[in-house]
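Numbering (the working numbering), first residue to last: 235 to 606.
We put the CB at the ideal spot given by N, CA and C, even for glycine.
Below you'll find the structure, written out as structure tokens, and then a few comments.
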């Protein structure tokens, strides 16, 4: 996009690692001008490799993925003039976003109370680890720690294996998204009131949001959440089943689809079996139902079952690897991935949003440290 919906909005991002930079990346792709504040040694993620982008300053691919299209400037908080310069830059910005250690802003004079009092139209976004209040408000935290402490690992993985971390940094990335949503809401409010506000988000709050359905099931019915591999706690059958050449994910998520599913498998007697008449009954006999389904599906290939299930509208899909995903015609048709570096084949995401048919996100590169 030549000009996004946030064109003209100025954002100062004192972000590092993943969550803060991802929020800034979203806002950059939406058209805002984002200046990234970095320590003299740069964001830690610049060295999170290999792999590295083979370019003059050779940042890590992990850094490039979350910092494209931004500008970079160095601030040394140990230098008084740099601290003064930082506050001056914040005063000229619509939004100040940071995810640095909780005690640092107050120590150097750029905490939310001080700055929103000095700059009443400023939107101050504070992205922390465990939240802005409570006994853990000053506790540091990284993605795996939050996944562990918020309960995500306890419900992820094969039931016969130890708890597993979700393979992507879902806490960091989704906290960046929640922060962006908060900032956009604050911008809308400011357009009506002329006043800024403080937006508080945290990794732990995001973790609580992700386990909210499981927490509701436990608190309302005493159901202790279990690890179900590719399955679902409230639906059966609803998981990956082994075919003769690999697993196929199958999701007959209502009674109509269950009947179509049984018919496609040539097992119409399942539909009238009193043990399987409702989803509740099937969930109660989950292991029995899953073994019954797999004993049929293992006899044929994934393509065989995909054609039969597609013909009757039962949602299904193979478990693709990342290389396979990049080669999908659907992936290519959406134009979601960009290749901004001429000497590197790295593909980097745009946003999963389009405006008037045009993808938000572009071929911009990540900034070199301090713009050099």
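Opening and closing residue of the beta strand (DSSP E) in which residue 386 lies: Residue 386 -> no beta strand (DSSP E), and no H or E assigned at all.
Contacting residues, own chain, Cβ-Cβ under 6 Å from residue 374 (five flanking each side not counted): 363
At least three beta-carbon pairs within less than 8 Å, the segment 492-511 to the segment 446-462: no
Where residue 279 falls: helix, strand or coil (DSSP): helix
Three-state secondary structure (DSSP) of residue 443: helix
Three-state class that DSSP yields for residue 364 in the structure shown: coil
Run of the beta strand (DSSP E) containing residue 332, from where it starts to where it stops: 329-332
Same chain, Cβ closer than 6 Å to residue 252, five either side skipped, listed in chain order: 403, 406
Bridge partner(s) assigned by DSSP for residue 243: Paired residues: none, contrary to the question.
Own chain partners of residue 328 with C-beta closer than 7 Å, once the 5 adjacent residues on each side are dropped: 243, 244, 245, 357
Nearest residue (CA-CA) to residue 586, options 247, 263, 254, 258: 263
Candidates 385, 597, 553: closest to residue 480 by CA position: 553
Straight-line Cα distance separating residue 304 from residue 235: Any reading at residue 235 is ruled out, since the residue's pLDDT is 43, under 50, leaving its predicted position unreliable.
Residue environment, residue 409, which counts as buried when at least 16 other CB atoms sit within 10 Å: buried
Residue 322 (DSSP reduced to helix, strand or coil): helix
N-terminal and C-terminal residue of the beta strand (DSSP E) that residue 405 is part of: Note, residue 405: premise wrong, no beta strand (DSSP E); alpha helix (DSSP H) at 404-427.
Exposure of residue 446, with buried meaning 16 or more beta-carbon neighbours within 10 Å: exposed
Proximity to residue 620 [Cα-Cα], best of 518, 460, 546, 520: The structure shown does not extend to residue 620, since the chain spans only 235 to 606, so no value can be given for it.
Coarse secondary structure for residue 305, derived from DSSP in three states: strand
Stretch-stretch touch, CB-based, cutoff 8 Å, three pairs: the segment 335-353 with the segment 385-392: no
Proximity below 9 Å, CB of residue 483 to CB of residue 473: yes
Per-residue DSSP class, three states only, for residue 311: coil
Residue 358 (DSSP reduced to helix, strand or coil): strand
Beta bridge counterpart(s) of residue 586 as assigned by DSSP: Answer is none; residue 586 lacks a bridge partner.
Residue 582 and residue 302 closer than 9 Å at C-beta: yes
Pair within 9 Å by beta-carbon distance, residue 306 and residue 549: no
Buried versus exposed call for residue 270 [16 or more other C-beta atoms within 10 Å across all chains shown]: buried
Short Cβ contact (9 Å threshold) for residue 296 with residue 283: yes
Bounding residues of the beta strand (DSSP E) (the contiguous stretch that carries residue 545): No beta strand (DSSP E) holds residue 545; the alpha helix (DSSP H) holding it covers 536-546.
Residue 272, enclosing beta strand (DSSP E) - first and last residue: 267-272
Proximity below 9 Å, CB of residue 380 to CB of residue 342: no
Assigned secondary structure, residue 392 (DSSP; H/G/I helix, E/B strand, else coil): coil
Proximal residues to residue 332 (C-beta, below 6 Å), its chain only, five neighbours per side dropped: 248
Start-to-end residues for the beta strand (DSSP E) that takes in residue 264: First-last for residue 264: undefined, no H or E at that position.
Residue 250 versus residue 531 - alpha carbon distance: 47 Å
Residue ranges of each beta strand (DSSP E) within the segment 458-501, 3 or longer: 473-477, 480-484
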